[in-house]
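These notes concern the structure reproduced below.
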Amino acid sequence: MTHRPVPAELEFKRTAHEERHLLETVQIPIVTVSATFKEELEARFGEKPTAETPDVTFSRAHYSMANALVVEATKQRRTFWMIDPTNYVSAKDWPKIMFTQRMGRLIARNPLLKQLKDLMDTRLRNQLPLTSAIRAPLTYVTGRVTRPIISLHYEAGNILLENGKTVPQYLTHADNPHLTWAVFDELTKSRLLELAYILGHKVDERRVQVTGCPVDPRIIRKDKNTAIKGYRYRPLRLAITTGGLGTNKDEIQDLLLHLSPAIKKGEVHIAAYCGVHEDFETMFTTFARVHRIKIGELDDPQAPLRIFRGHDIVAANELLLDYIFPWADGLITKPSGDMAYEAVAAGCFLLTLKPWGEWEDNIRAVTEAWGVSIRADISNILSQLKAIVTVPIRKSQPWVEVALTRAQKLAPDISRGASNILKLYRKLT
């Protein structure tokens with residue numbers, strides 16, 4: 069295989085070269101498109117970025133799912149490497165990255181722009197500036213890989229397939245024999261095969277394997293709050309979370325207002341998760357100041373209110389695993405593919421905010437069918453909380469106890485998704 073020079077325009081040129089060789093040599097190469105984590109790359113490879121560009125975050129889900137595979141590969145003592153080509157985007161193409169993040173955050177904070185997002189999710193997906201910006205760095209860094217590549221992002225997967233790589237996922241190149249899908253459940257498998265047929269693709273059902281969702285296996289191991297009836301003897305522990313782009317801000321602001329009496333009375337304790345978003349941190353701190361609620365230290369599980377924000381996606385993700393999932397009884401969150409399934413893996417119940425796309429409607433339907441999730445009634449949240457902890461619905465148990473029991477029973481299976489994906493991967497190599 070010929071040695072190709074690093075494209076002159078790439079950021080982190082030496083690091084890109086080293087990661088290219090790492091992906092070539094490891095047993096499990098992993099690719100996602102979620103965020104940049106330049107500080108971590110500088111610490112690992114000793115190269116400073118040449119351009120003064122800030123870190124960006126598009127999606128926590130695409131990072132956390134890829135990182136779940138990293139954790140599982142470590143557990144199995146297999147060599148691996150994960151890359152995000154966004155870290156190497158050139159200064160020339162960087163405005164495309166900033167545009168994508170700005171548009172995503174603007175749409176996430178403005179429900180009136182939701183139709184624009186729906187258009188981007190369908191007809192415009194392959195024409196977004198992000199696609200052209202990541203093409204050159206992704207093509208270079210994966211250029212010498214001969215093994216199958218686990219791709220956690222549709223756009224990265226499509227580019228890899230165009231370059232002749234073997235990838236599990238996606239419909240754009242469904243006829244490509246190098247493509248294998250790892251899907252959530254049997255219903256997803258049947259729908260995928262049906263849609264592929266409608267779009268004129270021939271897909272052997274053996275190329276579609278049910279694995280479950282990749283959930284970080286550390287979550288179930290770290291869970292310290294396993295007492296189903298623990299909430300009876302202390303304040304109810306609720307985490308309020310947002311996604312990678314900062315969705316549901318208006319809902320969360322309204323929710324805080326309605327929760328304030330219960331927080332002040334010590335009936336509920338809140339872990340407020342900002343992701344990487346300064347405006348969410350400002351919203352939470354302003355709420356605490358206006359309502360005279362003391363903000364506790366991150367490591368104080370008895371604090372009435374704690375606020376968590378990471379400086380980048382890596383730090384923000386670890387805050388969830390170290391402080392929030394092991395502590396919470398329930399999460400108030402949009403039903404995203406990362407937060408919803410991770411909450412169940414942590415043995416928590418869900419009160420869901422408005423979904424952010426058709427896939428989140430599906431996730432909400434799944435978790436409601438499991439009996440671990442109901443929709444948050446923000447205007448009546450205090451009455452709703454009172455009802456779910458006091459009104460018996462089954463064998464003299466209130467909904468919270470039924471949901472927590474179900475979540476803890478589901479947690480082991482939910483936590484095996486990453487292991488199942490690596491098992492499928494071994495069959496492909």
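End of the sequence shown = 497 in the working numbering, gap-free, step of one.
From the three backbone atoms N, C-alpha and C, an ideal C-beta is built for every residue, glycine too.
Contact check for E335 and L304: beta-carbon distance about 7 Å, within the 8 Å limit, so the pair qualifies. Less than 8 Å separates the beta-carbon of V213 from that of E92.
Under the DSSP assignment, S328 falls in the alpha helix (DSSP H) whose first and last residues are K317 to K333. Beta-bridge annotation (DSSP): A339 is paired with A307 and R374.
Partner residues in the beta bridge of G398, as assigned by DSSP, are L306 and F417.
Straight across, the Cα-Cα distance linking P216 with I320 is about 41 Å. Taking all protein chains shown into account, L255 has fewer than 16 neighbouring C-beta atoms within 10 Å of its C-beta and is therefore exposed. Non-local C-beta neighbours of L260 in its own chain, meaning closer than 8 Å and more than five positions away in sequence, comprise L239, W249, V251, V271 and V276, ordered along the chain. Beta bridge pairing from DSSP links A103 with T125. DSSP, read as helix, strand or coil, puts A111 in helix. In this structure, the alpha-carbon of R484 lies about 44 Å from that of V358. The C-alpha of N430 is placed about 25 Å away from the C-alpha of R286.
Residue environment for S487: buried (at least 16 other C-beta atoms within 10 angstroms of its C-beta). In this model, T401 and A76 are separated by some 43 Å (Cα to Cα).
When Cβ pairs closer than 8 Å are counted between the two stretches, the segment 332-347 is seen to touch the segment 375-382, the count reaching three or more. Boundaries for F252: no alpha helix (DSSP H) harbours it, and the DSSP string shows neither H nor E there. With distances taken between CA atoms, P480 lies nearest to C416 out of C416, R274 and H326. A direct Cα-Cα distance of roughly 29 Å separates T315 from L263.
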